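Per full-length UniProt numbering, the very first residue in the sequence shown carries number 1; after that it's consecutive.
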Amino acid sequence: MHPSLEGKASEILAPSLPATCFRQQRVTSEARERTNVATFHPLGGDSFTKPPPPPPPRCVSGAWRASGGSPRGELGARLLLPSNLLPGRVIACVSHHSGPAWVSWLVRNLSAVPGARPAMSQKRRKRKPAESMQEGAEEGALFPDGLESNGRLASGAPPAAKKAAGEGDVGSRGSAALAEAVKQARLDAAPSVAEFKYNKKRVRLISQDPDLKEDARGILYWMSRDQRVQDNWAFLYAQRLALKQKLPLHVCFCLVPKFLEATIRHFGFLIRGLKEVAEECKELSIPFHLLIGFAKDVLPPFVTTHGIGGVVTDFAPLRVPMQWVQDVQARLPPDVPFVQVDAHNIVPCWVASDKQEYGARTIRRKIHDRLAEFLTEFPPVVRHPYPTEFQAEPVDWDACYASLQVDRSVKEVTWAQPGTAAGLAVLEEFIKDRLKFFGTDRNNPNRAALSNLSPWFHFGQISVQRAILEVRKLRSRYKESAEAFIEEAVVRRELADNFCYYNPNYDKVEGAYDWAKTTLKLHAKDKRSHLYKLEQLEAGKTHDPLWNAAQLQMVHEGKMHGFLRMYWAKKILEWTTSPEEALKFSIYLNDRYELDGRDPNGYVGCMWSICGIHDQGWPERAVFGKIRYMNYAGCKRKFDVDQFERKYSPQKFCK
Numbered sequence: 001m002h003p004s005l006e007g008k009a010s011e012i013l014a015p016s017l018p019a020t021c022f023r024q025q026r027v028t029s030e031a032r033e034r035t036n037v038a039t040f041h042p043l044g045g046d047s048f049t050k051p052p053p054p055p056p057p058r059c060v061s062g063a064w065r066a067s068g069g070s071p072r073g074e075l076g077a078r079l080l081l082p083s084n085l086l087p088g089r090v091i092a093c094v095s096h097h098s099g100p101a102w103v104s105w106l107v108r109n110l111s112a113v114p115g116a117r118p119a120m121s122q123k124r125r126k127r128k129p130a131e132s133m134q135e136g137a138e139e140g141a142l143f144p145d146g147l148e149s150n151g152r153l154a155s156g157a158p159p160a161a162k163k164a165a166g167e168g169d170v171g172s173r174g175s176a177a178l179a180e181a182v183k184q185a186r187l188d189a190a191p192s193v194a195e196f197k198y199n200k201k202r203v204r205l206i207s208q209d210p211d212l213k214e215d216a217r218g219i220l221y222w223m224s225r226d227q228r229v230q231d232n233w234a235f236l237y238a239q240r241l242a243l244k245q246k247l248p249l250h251v252c253f254c255l256v257p258k259f260l261e262a263t264i265r266h267f268g269f270l271i272r273g274l275k276e277v278a279e280e281c282k283e284l285s286i287p288f289h290l291l292i293g294f295a296k297d298v299l300p301p302f303v304t305t306h307g308i309g310g311v312v313t314d315f316a317p318l319r320v321p322m323q324w325v326q327d328v329q330a331r332l333p334p335d336v337p338f339v340q341v342d343a344h345n346i347v348p349c350w351v352a353s354d355k356q357e358y359g360a361r362t363i364r365r366k367i368h369d370r371l372a373e374f375l376t377e378f379p380p381v382v383r384h385p386y387p388t389e390f391q392a393e394p395v396d397w398d399a400c401y402a403s404l405q406v407d408r409s410v411k412e413v414t415w416a417q418p419g420t421a422a423g424l425a426v427l428e429e430f431i432k433d434r435l436k437f438f439g440t441d442r443n444n445p446n447r448a449a450l451s452n453l454s455p456w457f458h459f460g461q462i463s464v465q466r467a468i469l470e471v472r473k474l475r476s477r478y479k480e481s482a483e484a485f486i487e488e489a490v491v492r493r494e495l496a497d498n499f500c501y502y503n504p505n506y507d508k509v510e511g512a513y514d515w516a517k518t519t520l521k522l523h524a525k526d527k528r529s530h531l532y533k534l535e536q537l538e539a540g541k542t543h544d545p546l547w548n549a550a551q552l553q554m555v556h557e558g559k560m561h562g563f564l565r566m567y568w569a570k571k572i573l574e575w576t577t578s579p580e581e582a583l584k585f586s587i588y589l590n591d592r593y594e595l596d597g598r599d600p601n602g603y604v605g606c607m608w609s610i611c612g613i614h615d616q617g618w619p620e621r622a623v624f625g626k627i628r629y630m631n632y633a634g635c636k637r638k639f640d641v642d643q644f645e646r647k648y649s650p651q652k653f654c655k
């Protein structure tokens, strides 16, 4: 560890390099070696020291498993418990060092539990290397997704509690079960973050000085991209600092009056989510401060006035949030340490790669190789024991809503309720009702196969890491679906962050590969069969009924099916005067109407469709050049286009 950190302030510096230059920062192997990170139990219970042979019994989620000492493979054993006792919980696990005697002893003794019944697997098999860490330990994960088969978006409102349908994974429990199971999983990880082996590779130093002041009166978490309390590595790191230094903890959010193309649809979702955050912070004795204005203007004075000794913030790869961080760093007192935590990605962006990756195939292995280290359970954010001498001012949420200087003509949607509780409910519905279909039907806009989670992921109201921790529990049951979801949610999503972080032209044709820029320029003057103005596209008034239906779905529901987003953007390239205009129109419409607009996934989606980012050259044709082509006939071969067009026909929105 850095020699200046041996004393009181030893927690503030991450073991990675100072981030005065935000792009292309390399995490050195030496820094990695300095960091204590979690190791994995051979059977999947994540522990933080090498387990002794045999390990002590441990509760983990999933079925109880014990390994036999057979040289041919492993012998699986389960103990099925009555639902009123410990439904779906592991009672004990035995490492590979244990012999069959341990297995038989546990089965014999645990079978004495009333209502329990042991079941021994008769099948011996060799476990694949990827499975040796943990049953269902995944390697990948998500991209924005959309509609159910009947055309209704899955409701974001927490469903009414249902009677547990069985014993086992979370997919078979009642609607309140996931929240309770997650709460218990955090407690199983550690009583608090102070006792947790926090991986400091998630953290990097923004300021020059790593040391806390001796007279510090608190630690501040500046919440920005990740708008949740639990399952938030940035919030956890801030509380860790405060607990170690026995200081009060404060949380603030800087609410700007307008932001890019965001409308009241987006700000309404954000504000109601923040209201839930404020309420949860109050329950945990952590003051939540809503600061009105740009961070550079309101945050440094807040730090100075209240004697804040250190500031923690989360990470976003887009130019505006990155500029906010640089502006705050420039205006903070020089003796206040300022660190940034990637609380959005499972593998931190600057750890996954130190350069722009060409595509999924080049980043996939880098991410997979790091999942054993970073895909861990979260400890809980707990009630903070060190009170502050000043409390947060009450927030008039209605006044904040009324003061916004945003377009109010884009109405809020009713199907998606903001906040962490609602997001977890949608995750639970996905696991229970739709995950089984994800692998085969995710590209069919008429089927209920998608998670619908992208709005909550975008606003950071739930963690992608939490979704993966829960989905991977069903890998043995829904292998194709779980692996496809993990590929999209981890690999593709983190690839999008990588592109935006390392490419300053992530939303311009100049950010495309050389081959794509060449072919687009060569075909820029090709004759278009149709040309539309922005107003015509926005109103869904083209000659293509499928494109119109997709546009109207986005306008009225705030979410277009993921497969149709590709077709939609490619047709804009075909119907506008230039690639530059096509990219401008597609980003504008996406950011204005999609609940998950202004997101790395959205920019990369438009760049993939129009500029061939993360793709390869295809047979050359008019207008598109070597950019991948999609057409109406191809869509008709994949799904019932007529059904979708009827669902979102213009006549249904004329009222």
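All C-beta atoms, glycine included, are put in the ideal place defined by N, C-alpha and C. Model, not experiment: these values are computed from the prediction.
Take residue 613 as the anchor and find which of 192, 566, 424, 640 has the nearest alpha-carbon. Measuring from the Cα of residue 613, the nearest candidate turns out to be 566.
Kindly indicate which residue of 590, 309, 227 has the alpha-carbon position closest to the one of residue 561. Checking every option, the nearest Cα to that of residue 561 belongs to 590.
Quick one: residues in its chain with C-beta nearer than 8 angstroms to the C-beta of residue 403, no 5 flanking neighbours on either side, listed in chain order? Counting only Cβ-Cβ distances below 8 angstroms, and skipping sequence neighbours, we find 257, 292.
Ordered along the chain, which non-local residues of its own chain (more than five positions away) have a Cβ less than 7 angstroms from that of residue 593? Here residue 593 has 410, 554, 555, 558 as same chain residues with Cβ atoms under 7 angstroms from its own Cβ, once five neighbours each way along the sequence are excluded.
What's the C-alpha gap between residue 637 and residue 546? Taking the straight line from one Cα to the other gives about 13 angstroms.
Which of helix, strand or coil DSSP assigns to residue 310: In the three-state scheme derived from DSSP, where H, G and I count as helix and E and B as strand, residue 310 is classed as strand.
Can you name the residues that DSSP bridges to residue 218? DSSP lists 308 as partners of residue 218.
Among 510, 344, 427, which has the Cα closest to the Cα of residue 416? Relative to residue 416, the option among 510, 344, 427 whose CA is nearest is 427.
Coarse secondary structure for residue 613, derived from DSSP in three states: In the structure shown, the three-state DSSP call for residue 613 is coil.
Three-state secondary structure assigned by DSSP to residue 642: Reduced to three states, the DSSP call for residue 642 is helix.
Near residue 623, what residues of its chain come up, given a Cβ to Cβ distance below 6 angstroms and the 5 sequence neighbours on each side ignored? Only 523, 526, 574 meet the Cβ criterion.
How is residue 57 classed by DSSP in three states: helix, strand or coil? Caution is warranted here: a pLDDT of 40 is assigned to residue 57, below 50, making its placement in the model unreliable, and the coordinate value is therefore given only provisionally. Under the three-state reduction of DSSP output, residue 57 falls in the coil class, being neither helix nor strand.
According to DSSP, is residue 289 part of a helix, a strand, or is it coil? Reduced to three states, the DSSP call for residue 289 is strand.
Just mark residue 24 as buried or exposed, buried being the case when its beta carbon has 16 or more other beta carbons within 10 Å. Confidence at residue 24 is low in this model, with a pLDDT of 39, below 50, so its placement is unreliable and the value that follows should be read with caution. With a threshold of 16 other beta carbon atoms within 10 Å, residue 24 falls short and is exposed.
Proximal residues to residue 515 (C-beta, below 8 angstroms), its chain only, five neighbours per side dropped: Non-local beta-carbon contacts of residue 515 in its own chain, meaning distances under 8 angstroms to residues more than five positions away in sequence, involve 612, 617, 626 in chain order.
Use the C-beta contact count for residue 125: other C-beta atoms within 10 angstroms, 16 or more gives buried, fewer gives exposed. For residue 125, the predicted model reports a pLDDT of 38, less than 50, meaning its position is unreliable; a value from the coordinates is still stated below. With fewer than 16 other beta carbons inside 10 angstroms of its own, residue 125 counts as exposed.
Buried or exposed for residue 215, going by 16 or more other Cβ atoms inside 10 Å? Exposed, by the Cβ-count rule.
What are the boundary residues of the alpha helix (DSSP H) that residue 500 is part of? Element bounds for residue 500: 493-502.
Looking only at C-alpha atoms, which of 620, 585, 490 sits nearest to residue 603? Distances from the alpha-carbon of residue 603 to those of 620, 585, 490 put 585 closest.
Keeping to the same chain, check which residues put their C-beta closer than 7 angstroms to that of residue 380; ignore five residues upstream and five downstream. Within the same chain, Cβ atoms closer than 7 angstroms to the Cβ of residue 380 are found at 186, 187, 192, 230, the five residues on either side in sequence being excluded.
Continuous beta strand (DSSP E) stretch holding residue 657: start and end: Since the first and last residues shown for the chain are 1 and 655, residue 657 lies out of range.
With H, G and I counted as helix, E and B as strand and the rest as coil, what does DSSP make of residue 146? Low confidence applies to residue 146: its pLDDT is 33, below 50, so where it sits in the model is not reliable, and the reading given next is rough at best. In the structure shown, residue 146 adopts coil according to DSSP, grouped into three states.
Check residue 204 in the structure and name its three-state DSSP category. Residue state for residue 204 is assigned as strand, using DSSP reduced to three classes.
Could you say if the segment 501-514 and the segment 463-473 meet the contact criterion of at least three C-beta pairs nearer than 8 angstroms? Result no; under three Cβ-Cβ pairs closer than 8 angstroms.
Nearest-angstrom Cβ-Cβ length linking residue 396 and residue 264, presumed shorter than 8 angstroms: Actually they are not in contact, since the Cβ atoms of residue 396 and residue 264 sit about 17 angstroms apart, beyond 8 angstroms.
So, with DSSP's three-state summary, where would you put residue 50? Only weak support is given to the placement of residue 50: the predicted model assigns it a pLDDT of 33, under 50, and the question is left unresolved by the model.
Continuous beta strand (DSSP E) assignments of at least 3 residues falling wholly in the segment 433-461: Segments of the beta strand (DSSP E) lying fully in the segment 433-461: there are none.
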